[in-house]
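All remarks here apply to the structure that follows.
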């Protein structure tokens, strides 16, 4: 089954009705019935879940289709591919096509949406949106709307989003998920349209780094005294903003949230000369976690090095910890470790 055949079948779904009695979805359903079960099965495997659902609904409601109608649909399908070179659709050809028909600002809006977060459908795109950004958006939505949106995400992604929402609001959303009736298609379409116009399109136009993420990096580089002072000041000014920044921060003590495998990778990557100084001012829990990633001999040497340091300046300890945190963040940025694996799980099992 060629890609062009699949594309044409998918194309029927979005096509405006050329015949007065058949929609694009109905034409795709007729085509599926015409090619037979085996070929239709191969086609369906190449389509997206939403397209399969649309075709199935249309097929179930077709009833008796006259032979001349089937022939007409097949002729229309074939006519689209009379050119020996076929058709090629790209971002560039799409933009050029749109500019011939629409105002420039409308073209920019559509292309920004197309080039927005990766994904074939709106829900695919939403699944690729950073959880902190999505949580910030959902805070201003009705809990019922947030519930509908979160049920369309992967459970792991939805969990990370819920963890960033205020407890009362998150609980309300979860209760609505539990007792949600089947969502009508028109309601889902309305939510999808709102997301497309108010959220995804805006993300597509934004190339600036997220300001909360930027400020979290700044806080990660403060000494503890400055961090505490400015964090309290910001919290008094705007508690919600400070909470968003905190959710993006990763401090030396947050190492206890990471799984053992990630910590092993960190130990192999960090500057070992900085480790004794960094651990000099760390909690016993953090020290034990690092020692668990070393051989007994290497661990004993590390303990001796820490003891041999004697009194040290707090700012030197903090500088060493900041350097190690920077290494950890770099490992996370290149996908070597995941800082969200055990987020929120601070309990230590002896």
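Numbering (UniProt numbering), first residue to last: 1 to 350.
Every residue gets a Cβ at the ideal spot worked out from N, C-alpha and C, and that includes glycine.
- In the DSSP assignment, residue 221 falls outside any alpha helix (DSSP H), carrying neither H nor E.
- When rounded, the separation of the alpha-carbon atoms in residue 169 and residue 155 is 18 Å.
- By alpha-carbon distance to residue 63, the top candidate from 54, 241, 26, 105 is 26.
- About 6 Å separates the Cβ atoms of residue 73 and residue 31, confirming a contact at the 8 Å cut-off.
- When DSSP assignments are scanned along the segment 17-80, the uninterrupted stretches of alpha helix (DSSP H) that are 4 or more residues long and fall wholly within it turn out to be 24-35, 37-45, 49-60, 67-79.
- Note that the C-beta distance between residue 280 and residue 309 is below 8 Å.
- Taking C-beta separations shorter than 8 Å and ignoring five residues to either side along the sequence, the partners of residue 234 in its chain run 241, 242, 245, following chain order.
- Put simply, the segment 127-136 touches the segment 150-166. At least three CB pairs are less than 8 Å apart.
- Per DSSP, the continuous alpha helix (DSSP H) segment holding residue 195 begins and ends at 185-195.
- Taking residue 165 as the centre and dropping the five residues before and after it, the same chain places the C-beta of 135 closer than 6 Å to its C-beta, in chain order.
- In the three-state reduction of the DSSP assignment, residue 334 falls in the coil class, being assigned neither a helical nor a strand state.
- Rounded to whole angstroms, residue 273 and residue 157 show a C-alpha spacing of 38 Å.
- Residue 270 sits in coil when the DSSP states are folded into three classes, being neither helix nor strand.
- Between the C-alpha atoms of residue 146 and residue 253 there is a straight-line separation of about 32 Å.
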